[in-house]
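These notes concern the structure reproduced below.
Structure (structure tokens):
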């Protein structure tokens, strides 16, 4: 996406008094103070304001919202994502969607504003690893959200740290742009999180989401992705990671001293190349690790919080996933850190 798109959006709406959309009793506006959140190849995400007419005449209530904006085009479109998310509403670990609208130039998807950023940013800010018990708490919340999505016969198809947001210390799954209501062959995916069957051109399934959750669990425990990150867009790099995924050869060295054998066991069973042996969501919930030492951590931890960081395990911060031909993320930081050398 050209860097001019954000400026184009701002200029367009300045002519409309910063108003995105107006209804009979509400209006959405660009939050003029530091409204930029993230950008990608197809659009941007900004912070906006929802103003609703109160019960008393001429009184308004005002709420911050997140707004994803793309140019009007045939594909991809935000109306599909809106319809998918609407089916998954009513769960505390799923982002709340508020509205969808379009004009002659742009499409808009309005969601609750997640002031805590995303899980990748949170882990990236830490100089040490997360405590295993904190990982368990957060991972359980993500699992609860995914279980609910699957109960609505929806596959997310892009579960990763960048697509898990924080609001008031609670995790919420976001970005349903790749979600489908049926098993199908995917053309767009995030390579380091993609399952072997997806890379072999087979249809996605609930177990494909389980694989992505296994990659995410590894990232939460170790601060690294199990099969690496493409350092550039060269075919050789992508092929190398694709081969590692298909063969199940992880680059991350398992730590038996600081990570429990139960946690490592669960991760490996989720990252099983044989579909019939890969754990289901219910089997993950029933795994020993999910039920150990629950009394050692509070039900809800505010983020960020110093008591969830392991001072004994320092690490280098990871890098946000680069965009590749396999997947063009709608949410991308405008600046990137230098790729880490493995």
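Residue numbers (full-length UniProt numbering): 1 to 342. All C-beta atoms, glycine included, are put in the ideal place defined by N, C-alpha and C. Every value quoted in this text rests on a predicted model; they were computed, and no experiment measured them.
Sorting 82, 286, 107 by C-alpha distance to the C-alpha of residue 95 places 82 at the top. In the three-state DSSP reduction, residue 288 falls in the helix class (H, G or I). For residue 39, the enclosing beta strand (DSSP E) begins and ends at 36-39. DSSP, read as helix, strand or coil, puts residue 107 in strand.
Under the DSSP assignment, residue 69 falls in the beta strand (DSSP E) whose first and last residues are 60-71. Under the three-state reduction of DSSP output, residue 43 falls in the strand class.
Counting only the Cα atoms, residue 267 lies some 5 Å from residue 214.
Around residue 254, the same chain offers 264 as residues with beta carbons nearer than 6 Å, after the five sequence neighbours per side are excluded. Taken atom to atom, the span from the alpha-carbon of residue 205 to that of residue 154 is near 10 Å.
The beta carbon of residue 141 sits closer than 6 Å to the beta carbons of 93, 171 from its chain, once the five residues preceding and following it are set aside; these are given in chain order.
For residue 173, the secondary structure class from DSSP, reduced to helix, strand or coil, is strand.
Here residue 59 is exposed, its C-beta having fewer than 16 other C-beta atoms within 10 Å. Between residue 6 and residue 46, the CB-CB gap stays under 9 Å.
Residue 130 holds the alpha-carbon nearest to the alpha-carbon of residue 259 among 89, 113, 130, 97. According to DSSP, residue pairing for residue 165 in a beta bridge involves 118, 172. Secondary structure at residue 99: strand, using DSSP grouped into helix, strand and coil.
Under the three-state reduction of DSSP, residue 52 is assigned to strand.
Around the beta-carbon of residue 38, 16 or more other beta-carbon atoms lie within 10 Å, marking it buried. Inter-residue distance for residue 277 and residue 161 is about 25 Å (C-alpha atoms, whole angstroms). Residue pairing for residue 178: DSSP places it in no beta bridge.
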